[in-house]
Each structure stands twice: as structure tokens, then as C-alpha cells.
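Q: Attaching a single structure in C-alpha cells format; questions to follow.
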Amino acid sequence: MKYFDPDNGAWQEMRPGDSRSQQMDMDAISMSSASVIAEQSSNQRGLYRTKSTSSKYSLKSNGTDGGPKEHVSKRRQRFLQDIFTTMVDIQWRYNLMVFAMGFLLSWLGFASLVAFCALGHRKDFDHVGDENWKPCVADVHNFATAFLFSVETQHTIGYGSRCTSEECPEAIFIMCVQSITGVMIQCFMAGIVFAKLSRPKNRSQTLMFSRYACVCLRDGRLCFMFRVGDMRKSHIIGATISAQVIRRKTTLEGEVIPYYHTLLDVRFDNGGDSVFLIWPATIVHEINESSPFYNKSAEDMLRERYEVVVILEGTIESTGQSIQARSSYIGTEILWGHRFDQVVSFRKETGEYLVNYSKFNATNEVQTPLCSARDFYEYQRILSEATKSPSFVNPPDNSTTSSSIREGYQRSNSSPEGRISVTPKGTEPTAETPLLTEPPTSSTDC
1 MKYFDPDNGA WQEMRPGDSR SQQMDMDAIS MSSASVIAEQ SSNQRGLYRT KSTSSKYSLK
61 SNGTDGGPKE HVSKRRQRFL QDIFTTMVDI QWRYNLMVFA MGFLLSWLGF ASLVAFCALG
121 HRKDFDHVGD ENWKPCVADV HNFATAFLFS VETQHTIGYG SRCTSEECPE AIFIMCVQSI
181 TGVMIQCFMA GIVFAKLSRP KNRSQTLMFS RYACVCLRDG RLCFMFRVGD MRKSHIIGAT
241 ISAQVIRRKT TLEGEVIPYY HTLLDVRFDN GGDSVFLIWP ATIVHEINES SPFYNKSAED
301 MLRERYEVVV ILEGTIESTG QSIQARSSYI GTEILWGHRF DQVVSFRKET GEYLVNYSKF
361 NATNEVQTPL CSARDFYEYQ RILSEATKSP SFVNPPDNST TSSSIREGYQ RSNSSPEGRI
421 SVTPKGTEPT AETPLLTEPP TSSTDC
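For the sequence shown, counting from 1, position 249 maps to 249 in UniProt numbering; every step adds exactly one.
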């Protein structure tokens, strides 16, 4: 038997006499399998998460891109061609730095032009205090005063002491250009700030995905489940949920596709992929013949490398903008044999439904088979066929059948190992007579 060693980060062979083997009981493993899987998942989660945040994940926990883009030709040029989107996507500290540098450079640039006109063309700095001299810009006699004039012009402060004159057309032209440039810079930066504050990405931060996904039985079928919720009172209009598995695939021709996307058929209760987030919703994917998890057992789900990406899309009710929230789950984040706790309760005193978000990620252990869905459904089919066979049918009632037919069935209590032999009346069971084994009453390990 094997167990996962969190210290070494690998599966180890359990030997007879080991302290671990004395603590683990085979019945507990089959009946309480969820606790073992949950413990292994929690041990491996931190190990894999810290080592492979950027290399193994297509998405981070917050739904952003999980890996950098490398070796892109003309990368900087492409980003500069779409400068507005680039400015919106970068972090706030870089926005503020560009904002400050844009104004500072414009002030210094136009101050230098004004000083150059005053000094180079009319020698205004040499006639400071001369009342008979008309300078290009009044009260500008050094670079500091030229800088103050630039700031006052660009932001239309106009203290009144500094102004251009008709003696220098160059200064008039520079003043007009600076006024237009200042308005453009302000509009550009205000647009960037508004776009960053109002983009749907911020709204998606109030949409919640459960930390773990679960696999358990629902209506006799193995199901993969996760939970989504919305913290705000304003709803997401037309919310839809989708999911896909990213994993390695080898084609019939031998081509290896390292990141092959397979769509999962998910639903919310009986409403399909449409979700009404009045309270947290549990999204269900039934593991059937068309599911990529159909042949995966609990151990396969834990050990194999794959990622389930879930996407919630809709329209923000208050702004009308489209929104998309994303998250993902890997094998160590899927709890086999767990079910989500209920978070909605009804208070009779006030007639209100209460949502307890402290239980949003809470799960409880349930009895779940450790085998794959394919083996489990096959076992159910065999069990169903066995229970429908004549050996398990009670003798027909007198009101519906004749006594001769009823006498054709008999149960042999002396059959070895609890087996039931089916023989017509008057014949003896032989070695060729097929024996049907009575199925067990309950089993969780297939």
C-alpha cells in the first residue's frame, strides 16, 4: 500500500510494521476515503502551489494570467502602439509615475523654449530693470521665472504679473501650443484613471469561487462540484458559467498536445449553464461517458497533472458592462468524498433568508466510492441485473400465478458462501448449474 509523504513530496511504499500502517485501517480507508484524500490534498497544495505558480498554471488564484510571455518579437513596439490599453493594464504606481513625469517634462520643456526665446532672440535677460525695453514675456528674467510662467500658462492659473507681448511672436506661438498640450495631457490621464477605476475587473473581485472543488455522489451519479457567489446586492445580469479541462493529450498520429482544452458540461441545479446569484450557487458537472474524468479514480485525480478552468460571464447591472471572472482547480484542490455545507438558512422570526459566507468554503465528508465512474457505474449495472434475476424475486402471489409456476422456484439455504442456486422443481443442482452470488448490501470501494 502507498501513502503520500509531505516531507519528501512523493508517494512512499508502506511496509509491514510501519507506524503509519498501524494507524490506518482498511475499513476506514474505504468508508472514510474523503478524509485521506483531503489530507493528501492539503499537504500537496502548498508544495505544488509555491513551486509551480507560474509554470504549471494557466490561471492564478485571482483569475489572472499565470505565466509570462517570452520571446515576443517587437514586444515593446507592440505595446507602445496600443499605449492607452497598456497604461490601463499597468499597475497604479507606474500610472502615477507617468502622470507626474508627463506634467513635469511638459513644464520643463516649454519653460526651456520660453527662456530660449527671451535669451536667444531679444536678449531679455540683459535688460532686466530697463523700463524702456519690452521683453517677450513680462517679468521673466531667468529660468526659474520662465518655469513659473510655463506652469501658470499650462494650468491657466494667471497670477497677472507674467504675460507675453506682441514683441515676440515665437512666445505667443509657444503659449498656444502649451495650452493645447496641457489640455490633451489632462484629458489623457483623466481617461486612464477613469478607465482603471470603472473597468469590470474590479467588479469581478466581489465574485467568489470556492477554494476547493468536490467530487461526491448526487442522485446516484458521481459529480464534480464547485461553488460561486456574489457579495454585492446588485446582481449579474445573464450570468452564465462554463468550465474546461486543460491537460496533456497524445493524438492517434503520435502528436503530443501539452495543453489540450476539453469543455465540461456544467449546470446549476436544473437551469443549465445560466446562474442566478441571489445566493451562492453550487455548479455541478456529472461524470458520465462524455466526461474527461470518466475513467479517473480518486488516486488518478490526485496524482495526474491537469487544471479545471471555470469562467463566469455576465453583465453588471449598475453599469451595463460585460464582466468575466475566472478561477481554476488542480488535482490537489479537488476533495474526493466531500460535499459543500449549506450556507443559506431561513429565519422564522423575521421571515428572511440568511447567507452565511463563513461556510462558503466549508465541506463535510460523505461516503463516496474511490474507483472511477466507469467502474462504479458498471458495478451498479451488474448489481441491478443481479437483483432483477429470478433468484432474487419473491415467489409470485397466488392471485396472479398458478401454484405450478410458484413451485418452480426454490431457495437453497445450504448453498456454500451464501450463494443462491436456481433450479426447477424436481431436478438436482449440478456443477454446471450457474450460481449467482448475493450482492453486498453496501460498498464504497467498488
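All C-beta atoms in this analysis are idealised placements derived from N, C-alpha and C, irrespective of residue type, glycine included. If you're wondering where the values come from, they're calculated on a predicted model, not measured in any experiment.
Would the beta-carbon of Ile287 fall within 7 Å of that of Ala213?
A: In this structure, Ala213 does not lie closer than 7 Å to Ile287 by Cβ.
Q: For Ala146 and Val114, I'd like the C-alpha separation in whole angstroms.
A: Using only the alpha carbons, I get a separation of about 6 Å.
Q: If you scan the stretch 296–350 from start to end, which runs of the beta strand (DSSP E) of 3 or more residues do you find wholly inside it?
A: As far as the stretch 296–350 is concerned, its whole beta strand (DSSP E) runs of at least 3 residues are 306–316, 322–330, 334–336, 338–340 and 344–347.
Q: Between the C-alpha atoms of Gly320 and Ala239, what's the straight-line distance to the nearest angstrom?
A: Cα to Cα, Gly320 sits roughly 13 Å from Ala239.
Q: Helix, strand or coil: which one does DSSP assign to Phe360?
A: Phe360 falls in the coil class under three-state DSSP.
Q: Let me check one thing: in DSSP terms, what residues is Thr250 bridge-paired to?
A: According to DSSP, which records beta bridges pairwise, Thr250 is partnered with Val256.
Q: Starting from the N-terminal side, write out each stretch of the alpha helix (DSSP H) that is 4 residues or longer and does not extend beyond the stretch 160–200.
A: If we require 4 residues or more, the alpha helix (DSSP H) runs fully inside the stretch 160–200 come out as 169–198.
Q: Considering only their Cβ atoms, is the gap separating Glu317 from Ser234 smaller than 7 Å?
A: Taking 7 Å as the Cβ cut-off, Ser234 and Glu317 qualify as a contacting pair.
Q: Can you tell me whether DSSP reads Arg211 as helix, strand or coil?
A: DSSP places Arg211 in coil when its eight states are reduced to three.
Q: If you measure between the beta carbons of Ala100 and Ser150, is that distance less than 7 Å?
A: No; because the gap between Cβ atoms is not below 7 Å, this pair is not in contact.
Q: Report back the beta-carbon spacing between Ser242 and Ile311 to the nearest angstrom; my notes put them in contact at under 8 Å.
A: With a Cβ gap of about 5 Å, Ser242 and Ile311 count as contacting.
Q: Going straight from the alpha carbon of residue 454 to that of Met301, what length do you get?
A: Because the chain spans 1 through 446 in this model, residue 454 falls outside it and cannot be assessed.
Q: Measuring alpha carbon to alpha carbon, tell me which residue in Ser290, Thr332 and Ser297 is nearest Tyr306.
A: Tyr306 has its Cα closest to that of Thr332, out of Ser290, Thr332 and Ser297.
Q: Looking at Arg326 and Arg59, is the spacing between their C-beta atoms short of 7 Å?
A: According to the sequence as given, residue 59 is Leu; it is not Arg. A contact, by the Cβ cut-off of 7 Å.
Q: Residue range of the alpha helix (DSSP H) that Glu378 falls in?
A: Residues Ala373 to Thr387.
Q: Helix, strand or coil for Asp82? Go by DSSP, reduced to three states.
A: Coil at Asp82, not helix or strand.
Q: Taking Leu108 as part of the alpha helix (DSSP H), name the residues at either end of that continuous run.
A: Leu108 -> alpha helix (DSSP H) spans Trp92 to Phe116.
Q: Mapping the DSSP letters down to three states, classify Gln205 as helix, strand or coil.
A: Note: Gln205 maps to coil in three-state DSSP.
Q: Using 8 Å as the Cβ pair cut-off and three pairs as the minimum, do the stretch 182–197 and the stretch 76–95 touch?
A: In short, these stretches touch, since the Cβ pair count reaches three.
Q: Residues bridged to Cys223 by DSSP?
A: According to DSSP, Cys223 bridges with Cys216 and Glu286.
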